[in-house]
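Each remark here refers to the structure printed beneath this line.
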Amino acid sequence: MRHKLGILAFIFLILFTCTGVFAFQFEPLVQTFDVSGPGTTKTFTITNDSDDIIAVVVSALVRSQDGEGNEENSDASRYFNIQPSRILIQPQSTQIVRVQYRGPRTVTRELSFRIVAEQIPYSQGRASSSGSMFNFLYVFRASAYVLPSQIQEGVRISAVEDNGDGTMSLTIDNIGNVHQILYDCEITLQDAEGNTVVLSGSDALAGISGSNVLAGLSWTRNIPFPEGLERGSEYKASIDYNFTVEE
1 MRHKLGILAF IFLILFTCTG VFAFQFEPLV QTFDVSGPGT TKTFTITNDS DDIIAVVVSA
61 LVRSQDGEGN EENSDASRYF NIQPSRILIQ PQSTQIVRVQ YRGPRTVTRE LSFRIVAEQI
121 PYSQGRASSS GSMFNFLYVF RASAYVLPSQ IQEGVRISAV EDNGDGTMSL TIDNIGNVHQ
181 ILYDCEITLQ DAEGNTVVLS GSDALAGISG SNVLAGLSWT RNIPFPEGLE RGSEYKASID
241 YNFTVEE
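In structure tokens form, the structure reads like this:
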């Protein structure tokens, strides 16, 4: 018993000692860029909340999604000019980072990116001077979008299948040209016999409600098979949600 208490005390001591040592904030977490004019440049603020100098690298990534809705990234350095991109930030101070879009001037479908602020080890920081072997390095991933000149919104469910294992798969298509976040999502399902169920909430629609569907993309997620529908039937589905892109 004493041995277990000793281990717990050791873990608590580590967390207490290290929490906040390398704390910083990166804001805002969402930015929208224009293809030309003043709106091509946005600013982010890095705040060093710690009592040490920290080192942060800011970079850009292209953002996409695979067939299951998982995020995929690739280098986006050709789309943005970031100044400064490698920064030493003094204790209890802030640093402004200017990010300028320099990609295509004609955009018919929204471009999606991540602006990433990643803390990297700095040899003169507290972690080095204290001799701690635990370094908690923070990473912030902001969303960045480049809007098309004309916005078209639309999401549909293109496929519904009984997987035969107690789950149902739903394929969500973003048929518009801007991303859509499925806030307050409600899905109506009907089988061939006319039985109808309405699903909402994070339990019934886990992995769908509140999810982001990037412009022009589709992904498939599984949900628990709804009670009240015939198994192995053909299904019709419609989706309703509450989200509008701010221009």
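Residue numbers (this note's numbering): 1 to 247.
Ideal Cβ placement from N, Cα and C applies to all residues, glycine included.
Here the structure is a predicted model, which is why all the values come from computation and not from measurement.
Item, Value
"Please report the straight-line C-alpha distance between G216 and Q90, rounded to a whole angstrom.", "43 Å"
"Let me check one thing: in DSSP terms, what residues is I187 bridge-paired to?", "L199 and I239"
"In chain order, what are the residue ranges of uninterrupted beta strand (DSSP E) at least 3 long that sit wholly in the stretch 215 to 239?", "218 to 224"
"If you count every other CB in all the chains shown that lies within 10 Å of the CB of N163, and 16 or more means buried, which is it?", "exposed"
"Compute the Euclidean distance between the alpha carbons of P38 and G103, then round it to the nearest angstrom.", "14 Å"
"Check the DSSP bridge columns for I87 and list the partner residues they point to.", "V56"
"The beta strand (DSSP E) with Q150 in it runs from where to where?", "Counting along the chain, Q150 falls outside any beta strand (DSSP E), and DSSP gives it neither H nor E."
"What are the boundary residues of the beta strand (DSSP E) that includes I115?", "L111 to I120"
"Does DSSP put S130 in a helix, a strand or coil?", "Reliability fails at S130, whose pLDDT of 41 lies under 50, so the model's placement of it is uncertain and the value that follows must be treated cautiously. Correct three-state label for S130: helix."
"Measure the beta-carbon distance from E68 to W219 and round it to whole angstroms, keeping in mind my assumption that it falls under 8 Å.", "6 Å"
"Out of L61, A204 and I53, which has the shortest C-alpha to C-alpha gap to I187?", "A204"
"With distances taken from CA atoms, which of P148, Q152 and R231 is nearest T244?", "Q152"
"Rounded C-beta distance between Q180 and V155? I'm assuming under 8 Å.", "5 Å"
"Let me know the secondary structure DSSP gives G20 once reduced to three states.", "Residue confidence is low: G20 scores 43 on pLDDT, short of 50, so the model does not pin down where it sits. Its coordinate-derived value is still stated next. Three-state result, G20: coil."
"Rounded C-beta distance between L199 and L189? I'm assuming under 8 Å.", "7 Å"
"Between G166, S209, Q31 and G194, which has its C-alpha nearest R184's C-alpha?", "Position check: residue 184 holds Asp in this sequence, whereas Arg was assumed. Nearest option by C-alpha distance: S209."
"Can we say the stretch 164 to 180 touches the stretch 106 to 124, given the rule of at least three CB pairs closer than 8 Å?", "yes"
"In the DSSP assignment, find the beta strand (DSSP E) that holds A159 and state where it starts and stops.", "V155 to D162"
"What is the DSSP secondary structure of T108, counted as helix, strand or coil?", "coil"
"What does A244 pair with, by DSSP beta-bridge criteria?", "Sequence check: residue 244 is Thr here, not Ala. DSSP, once it has assigned bridges, lists no residue as partnering T244."
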